[in-house]
Ligand SMILES: [Zn+2]
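In the numbering used here, the protein residues as written are 113 to 548.
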């Protein structure tokens, strides 16, 4: 281990320590106005006030100083579809028609490995431009889509989770597999990628309507066969979708029960949306330690509904933020929590900036059971972090000049900020994006 493997960053530094709903706002974060973070071989080894830590560093260690900037942990996106990068901002439909008219045609192109590689590259660069260092990602039904994505993620040494879509009915023939082929293809991808470097595999049935009970059973079987796998799917996003699930699975109590019946709930299971959940379903999600990805820009864009975060808090369900691109309208987690604030306002609730910040970082890590590795800047963690620029636009600079408190600055950042506010993004201590 050489001295050159150690670097230090000086700036204002903020990270989350817990869910404000559980520990209270004041205990939910840690802030150093003039902070220092020391990194050795990709991991954070010290964090504190610059005045305390600088004197402990040996003279040959480079200290990179970001003035008028804020270092925070890398953002975590708990639900996104990389194959939909090229169809973000498609006009006019709600969920089921939107899938048929826009999504399915776009996804058919991913049988071509070159197309998959091109989109993976664009997608990962877009995540990094927006300060997102970890995401739970949908591929398409094609194994080539997942190979291309993981290959690209591996080159940047990112902690990423992805999987091949399992879909054996109610979709175009070019996009359907069979229970047996989806099982075999998923298994081969798991063998190739799960646990390789910083990569994890997610068993990914698209949603209940596009899988037969036989396929869902095989998804459950995969989860039993390999430890540490994720389950990634959609749940109760749209009222027509929920009615359709009732028709397709009349013997099940409800939408969540379809997944439950096939052993798909658990601490590494992430259900996107959960906009229309009854109390029994919330209780069951909590009992199984399953997580919900709250996707405000998508829920508004598709007119799906307003996620009830206080209900999830009451049941102590793990919640992370998801962009859900391409139904979501931005890769930016700042813009995603901006919209989350408005979703709460429409329901008569205030979403505190420290709660939003928690959801976009440590909350996401907890939803993914990765809080021992990422999500905050605790010494020992992997050094995935973002440098936010308080002066990223003339308007933000002007507004920031009038702020009095950290809380206020954070709220202005998340309301006015987007990709332009990301000055730099680091993964395992290495720069993976620089704006300037
Ligand atoms: Zn989705």
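By construction, the Cβ of each residue, glycine as well, lies at the ideal position given by its N, Cα and C atoms.
Neighbour flag for residue i against chain B, beta carbons, 8 Å
{"i": "residue 450", "result": "Within the model displayed, chain B is absent; a lone protein chain is all it includes."}
Distance between residue j and residue i (C-alpha atoms, nearest Å)
{"i": "residue 532", "j": "residue 505", "result": "7 Å"}
{"i": "residue 474", "j": "residue 141", "result": "10 Å"}
{"i": "residue 169", "j": "residue 225", "result": "47 Å"}
{"i": "residue 217", "j": "residue 137", "result": "45 Å"}
{"i": "residue 123", "j": "residue 182", "result": "6 Å"}
{"i": "residue 439", "j": "residue 194", "result": "11 Å"}
{"i": "residue 338", "j": "residue 275", "result": "14 Å"}
{"i": "residue 334", "j": "residue 390", "result": "28 Å"}
{"i": "residue 409", "j": "residue 150", "result": "36 Å"}
{"i": "residue 163", "j": "residue 146", "result": "8 Å"}
{"i": "residue 330", "j": "residue 273", "result": "20 Å"}
{"i": "residue 148", "j": "residue 424", "result": "36 Å"}
{"i": "residue 114", "j": "residue 317", "result": "For residue 114, the pLDDT reaches just 45, beneath the cut-off of 50, and the residue's location in the model is therefore unreliable, although a value from the coordinates is still provided. If I take the Cα positions, the gap works out to 46 Å."}
{"i": "residue 435", "j": "residue 200", "result": "11 Å"}
{"i": "residue 542", "j": "residue 197", "result": "25 Å"}
Residue i CB to nearest heavy atom of ligand 1 below 7 Å
{"i": "residue 331", "result": "no"}
{"i": "residue 344", "result": "no"}
{"i": "residue 191", "result": "yes"}
{"i": "residue 439", "result": "yes"}
{"i": "residue 403", "result": "no"}
{"i": "residue 228", "result": "no"}
{"i": "residue 384", "result": "yes"}
{"i": "residue 59", "result": "Within the shown structure, residues of the chain are numbered from 113 to 548, placing residue 59 beyond reach of any answer."}
Opening and closing residue of the alpha helix (DSSP H) in which residue i lies
{"i": "residue 234", "result": "225 to 241"}
{"i": "residue 253", "result": "Looking at the DSSP string, residue 253 is not in any alpha helix (DSSP H), and its letter there is neither H nor E."}
{"i": "residue 279", "result": "Unbroken run through residue 279: none, as it is neither H nor E."}
{"i": "residue 525", "result": "518 to 528"}
{"i": "residue 413", "result": "408 to 413"}
{"i": "residue 354", "result": "351 to 360"}
{"i": "residue 373", "result": "367 to 373"}
{"i": "residue 164", "result": "162 to 165"}
{"i": "residue 470", "result": "465 to 472"}
{"i": "residue 334", "result": "325 to 337"}
{"i": "residue 132", "result": "132 to 135"}
{"i": "residue 314", "result": "That residue, residue 314, is in no alpha helix (DSSP H); its beta strand (DSSP E) goes 311 to 317."}
With 16 other Cβ atoms within 10 Å as the buried cut-off, status of residue i
{"i": "residue 167", "result": "exposed"}
{"i": "residue 174", "result": "exposed"}
{"i": "residue 203", "result": "exposed"}
{"i": "residue 176", "result": "exposed"}
{"i": "residue 396", "result": "buried"}
{"i": "residue 447", "result": "buried"}
{"i": "residue 287", "result": "buried"}
{"i": "residue 507", "result": "exposed"}
{"i": "residue 535", "result": "buried"}
{"i": "residue 411", "result": "buried"}
{"i": "residue 313", "result": "buried"}
{"i": "residue 432", "result": "buried"}
{"i": "residue 460", "result": "exposed"}
{"i": "residue 393", "result": "buried"}
{"i": "residue 379", "result": "exposed"}
{"i": "residue 310", "result": "buried"}
{"i": "residue 517", "result": "exposed"}
{"i": "residue 219", "result": "buried"}
{"i": "residue 521", "result": "buried"}
Residue i: first and last residue of the uninterrupted beta strand (DSSP E) it sits in
{"i": "residue 179", "result": "174 to 185"}
{"i": "residue 535", "result": "534 to 539"}
{"i": "residue 512", "result": "No beta strand (DSSP E) contains residue 512, which is instead part of the alpha helix (DSSP H) from 506 to 512."}
{"i": "residue 152", "result": "141 to 152"}
{"i": "residue 567", "result": "One cannot answer for residue 567 here, as it falls past the ends of the chain, which runs 113 to 548."}
{"i": "residue 546", "result": "542 to 546"}
{"i": "residue 497", "result": "497 to 501"}
{"i": "residue 124", "result": "118 to 128"}
Distance CB(residue i)-CB(residue j) smaller than 8 Å
{"i": "residue 418", "j": "residue 458", "result": "yes"}
{"i": "residue 131", "j": "residue 470", "result": "yes"}
{"i": "residue 61", "j": "residue 402", "result": "For residue 61 there is no data in the structure shown, the boundaries of the chain being 113 and 548."}
{"i": "residue 369", "j": "residue 327", "result": "no"}
{"i": "residue 472", "j": "residue 187", "result": "yes"}
{"i": "residue 495", "j": "residue 270", "result": "no"}
{"i": "residue 352", "j": "residue 127", "result": "no"}
{"i": "residue 477", "j": "residue 406", "result": "no"}
{"i": "residue 385", "j": "residue 349", "result": "yes"}
{"i": "residue 240", "j": "residue 342", "result": "no"}
{"i": "residue 277", "j": "residue 321", "result": "no"}
{"i": "residue 185", "j": "residue 497", "result": "yes"}
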